[in-house]
Each structure stands twice: as structure tokens, then as C-alpha cells.
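Residue numbers (this note's numbering): 2 to 343. Even for Gly, the Cβ is constructed at its ideal location relative to N, Cα and C. The structure appears right after this line, and notes come after that.
Printed below as a string of C-alpha cells:
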């Protein structure tokens, strides 16, 4: 008889958005398998995702200390010595995690199926198979199903909740004010709405004095924005002022997040914050939509070339970088935001 493991070693080291997507899955697995313990191994930075989740233990790793085959052997030895796991869930399926699996040598091991063939068919230029693929959260859940865990994904169980730290806000919030996150950047150009158009989105939103906007961007990304864009009333820059945990707390207090197909979409989704997501070279059909997000909040133009890639790392063969977004007007984005805010 196949039995549910007592303690699963789950592994994923990157990327930020993917790790955020895993959190609701882990919460569902634990809720539906009440005798189970999970230890999640990842980079130190993502620790705030995993705090205050019953029976979920987090091991933060500095990967620079475990370089190469000997470093991974050392890491595996540490994990085997300190964690009494009887199953492994490889939620990454890359060379590093394959090596760790071999060194840990658990007989009860399951590995993420990334669905590469289906995704290649979805993104190819000719004879595209344009169908909605299995969501990534279901692919992560499948890993646990393979090692005999009960997993039926429930949206409410998957949400994370934080006690709002209102003192983090740079103003005292009035009852009628709306907190709007703006995350204008993405790792790849094919996923990034043109900056000039995003500036227009911000200006339109700021025409309503009740709207308070928070910019989420990396320090090097701020250099791409003009001083006129950054120095506007009711426009607050989060970058470099808060810890990651405090940034998450601010995100959890938002009324809506405006984001690309990027990590910020998944961060907001964790806390049941509606996301107006802007899509270009990628498409939610590849399975990377935000947890429990409504498709009606997506802003996109249907084109036969979309999606041209899964991750946005390839230029559209027809329209080039961000070309699939050029027909998305700032007014379209603002209209979606207004619909969410009611």
C-alpha cells in the first residue's frame, strides 16, 4: 500500500515569481495532509514567503557557498544530516537540483514536469497549437501527487495573510483613498509595456486625487525613468527603503497592482490583491497566471503571433520587442484599474 510521506524535502532556488507560485500549493498540501511536514530549501531572500505556516520549515541557502559538484555534495550532506525527510519534491528540475537528488538518494522522489513539448507547440511561429495548458500551480501540485499526497487546489487555502503595518505607509490613509501598486518592469523586453505608455497610465491615475501610487522597481530600473515621472504628488517610490518582508506587507495592503507578466503579479496574488496584468510576447495559456486572478483583469491584444515565447526571452518574429503591446493604450489599462476599484 502506498503511503503519504511523513516529511518532504522540497527544493526550488529561483525565480522569485515561480517560488511565489509554489507557496499556495504548499499550503494546500499541508492542509490536506495533516500529518505531513515539509522543509522547503531555497535562497535566503525568499524566507518571508514561508513564515508562520504550520508544519512548513524553511532552510535558506547561500548558493555561493555551495558552488560546483563538491559544493552540492556538501549541501546534500548537510540536508541529509539535519532533516529527517523520507521523500523529495524537486520543484525546479535543473542540473543543480538533479545533482542534489542523486546525492540525497531518496527512493521516494518526484520531479517537476515542465511540459516543454506543449509549450513549444504553443509558442512556435508556424502551426501554433493555441490552447490553454495546465497551470504551473497544478504542475507543482502534481509533484506532490506523485509521492502520494492528496492535493486538490483550493484558492482560499492558498492565500497568505499579513497583519497590515500601516506605519509603513508614507502617509495616514483616509477612508476613500485607493492604494495602487505600479510594477512597470519585467526581466525581458517582450513582457514590458513601453515606459512612455506606462508614464501616461500613471498620469491618468493621478488625475484622481484619491489614488495613491506605489512604484515597485529595482534600483537599476529607476534609472530608466525620468525625474518628472518619479517626482509627482501621490507617487511613492518603494525601492531601497524597505526590507523585502516590509515590501510584501505594503503589497498586501494594496487595492490593486498594475503589473507585467512578472514576479510582482505573483507577489500580489499571494495576498489576494487584484492584479491588472499587461501581457505582450507571453500569454497566460502557458500556465503562468497569478494565483486566483481573474482573466478579465488581463490587458492584452489577441494576435496570431502570441505567445512568441514562454518567458518573454525571445523577440516576437513579427513585431519585435514589446511589439505585441503597442496597440494596448494607457486608457485600456486605466479602465481595467477603475473596474477593479469599482
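Check your understanding: What separation, rounded to the nearest whole angstrom, lies between the Cα atoms of residue 317 and residue 65?
Key -> 35 Å
Exercise for review: Report the partner residues of residue 187 according to the DSSP bridge assignment.
Suggested key: DSSP output for residue 187 lists no bridge partner at all.
Point to revise | First and last residue of the uninterrupted beta strand (DSSP E) at residue 58 | key: 57-62
Check your understanding: Considering only residues of the same chain and omitting the five flanking positions on each side of residue 206, which have a CB-CB separation below 7 Å?
Key -> 181, 212, 214, 335, 338
Check your understanding: Is it right to say residue 262 is buried, meaning 16 or more other beta carbons lie within 10 angstroms of its own, or is it exposed?
Key -> buried
Check your understanding: Are the beta-carbon atoms of residue 310 and residue 283 separated by less than 9 Å?
Key -> yes
Point to revise | Rounded straight-line distance, which links the Cα of residue 239 to that of residue 265 | key: 13 Å
Review point. Roughly how many angstroms separate the alpha carbons of residue 128 and residue 313, rounded to a whole number?
Key: 20 Å
Exercise for review: Put residue 131 into one of helix, strand or coil per three-state DSSP.
Suggested key: coil
Check your understanding: So, helix, strand or coil for residue 256, using DSSP?
Key -> coil
Review point. Got a sec, what are the start and stop residues for the beta strand (DSSP E) residue 42 sits in?
Key: 38-44
Exercise for review: Please state if the CB of residue 48 and the CB of residue 69 are separated by a distance shorter than 9 Å.
Suggested key: no
Point to revise | Selection from 147, 299, 167 that minimises the alpha carbon distance to residue 277 | key: 299
Check your understanding: Anyone know if the C-beta pair for residue 105 and residue 131 falls short of 9 Å?
Key -> no
Review point. Among 101, 221, 250, 279, which one has its Cα closest to the Cα of residue 191?
Key: 279
Exercise for review: For the stretch 91-130, list the beta strand (DSSP E) runs that are entirely contained and at least 3 residues long, ordered along the chain.
Suggested key: 110-112
Review point. From residue 321 to residue 231, what does the alpha carbon distance come to, in whole angstroms?
Key: 28 Å
Check your understanding: So the alpha helix (DSSP H) residue 166 belongs to, where does it begin and stop?
Key -> Counting along the chain, residue 166 falls outside any alpha helix (DSSP H), and DSSP gives it neither H nor E.
Exercise for review: Classify residue 218 as buried or exposed, calling it buried when 16 or more other Cβ atoms lie within 10 Å of its own Cβ.
Suggested key: buried
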